[in-house]
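To start, the structure under review is shown below, and the notes come after it.
Number of protein chains: 2
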Amino acid sequence: MFVVLVYDTAAERNPLVLRTCRKYLHWVQRSVFEGELSAAQYRALTTTLRTELDMGYDSIRIYRTRSPQLVDTEWLGQEMGNQDSIL
Amino acid sequence: MFVVLVYDTAAERNPLVLRTCRKYLHWVQRSVFEGELSAAQYRALTTTLRTELDMGYDSIRIYRTRSPQLVDTEWLGQEMGNQDSIL
Numbered sequence: 359m360f361v362v363l364v365y366d367t368a369a370e371r372n373p374l375v376l377r378t379c380r381k382y383l384h385w386v387q388r389s390v391f392e393g394e395l396s397a398a399q400y401r402a403l404t405t406t407l408r409t410e411l412d413m414g415y416d417s418i419r420i421y422r423t424r425s426p427q428l429v430d431t432e433w434l435g436q437e438m439g440n441q442d443s444i445l
Numbered sequence: 359m360f361v362v363l364v365y366d367t368a369a370e371r372n373p374l375v376l377r378t379c380r381k382y383l384h385w386v387q388r389s390v391f392e393g394e395l396s397a398a399q400y401r402a403l404t405t406t407l408r409t410e411l412d413m414g415y416d417s418i419r420i421y422r423t424r425s426p427q428l429v430d431t432e433w434l435g436q437e438m439g440n441q442d443s444i445l
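Just so you know, the sequences run in chain order A and B.
In terms of the working numbering, the first sequence opens at residue 359 and continues consecutively.
In terms of the working numbering, the second sequence opens at residue 359 and continues consecutively.
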């Protein structure tokens with residue numbers, strides 16, 4: 359499956375959440391990750407994130423499609439996603 | 359088409375960009391909008407945003423699918439998107 363994940367988490371939890379997301383996905387913009395995952399990888403990612411989030415404060419929005427071919431992407435302005443430049 | 363838009367713009371341009379995005383889409387998370395648009399609406403949105411962005415600094419990432427039925431969405435933690443609470 360193709361996954362887009364957008365996070366809005368408290369600053370003190372950002373490093374942990376970022377590390378987990380980067381294990382499974384590619385960073386593409388300040389708070390956005392993308393990638394192709396198996397069902398097992400998706401479960402592992404979300405299970406880990408649930409243990410790391412403050413579920414009453416943090417917010418992660420996830421979009422899934424069966425395949426990246428179903429999604430057209432476009433940049434306006436700067437194309438980001440240089441993984442070396444994160445934090 | 360179903361559109362997900364994530365913005366990372368300089369603070370001084372955020373109000374303008376938010377106003378434009380809210381004309382066409384629903385706010386769902388800090389920097390994320392979603393919605394169904396016609397091709398004409400999509401062109402109008404992106405044309406307007408191109409005039410508002412500093413294309414050398416700001417960054418907007420857009421995902422499109424033919425239909426929202428092709429996309430599964432999930433929240434981890436807080437569900438946001440109360441449009442009254444934005445800024």
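Heads up, the beta-carbon is just placed ideally off N, CA and C, and yes, glycines get one too.
All figures in this text were calculated on a predicted structure; none of them were measured in a lab.
The residue from B:Asp430, B:Tyr365, B:Leu374 with its alpha-carbon nearest to that of arginine 388 (chain A) is B:Tyr365.
For threonine 367 (chain B), there is no enclosing alpha helix (DSSP H), since its DSSP letter is neither H nor E. Glutamate 370 (chain B) counts as exposed, since fewer than 16 other beta carbons sit within 10 angstroms of its beta carbon.
Per DSSP, glutamine 399 (chain B) is one residue of the alpha helix (DSSP H) stretching across 397-410.
At least one CB atom of chain B sits nearer than 8 angstroms to the CB of glutamate 432 (chain A). Residues Val364 of the same chain have their beta carbon placed closer than 6 angstroms to that of valine 390 (chain B), with the five preceding and five following residues left out of the count. With contacts defined by Cβ atoms closer than 8 angstroms, leucine 395 (chain A) and leucine 407 (chain A) do not form a contacting pair.
Shown here, glutamine 387 (chain B) sits in a strand according to DSSP, grouped into three states.
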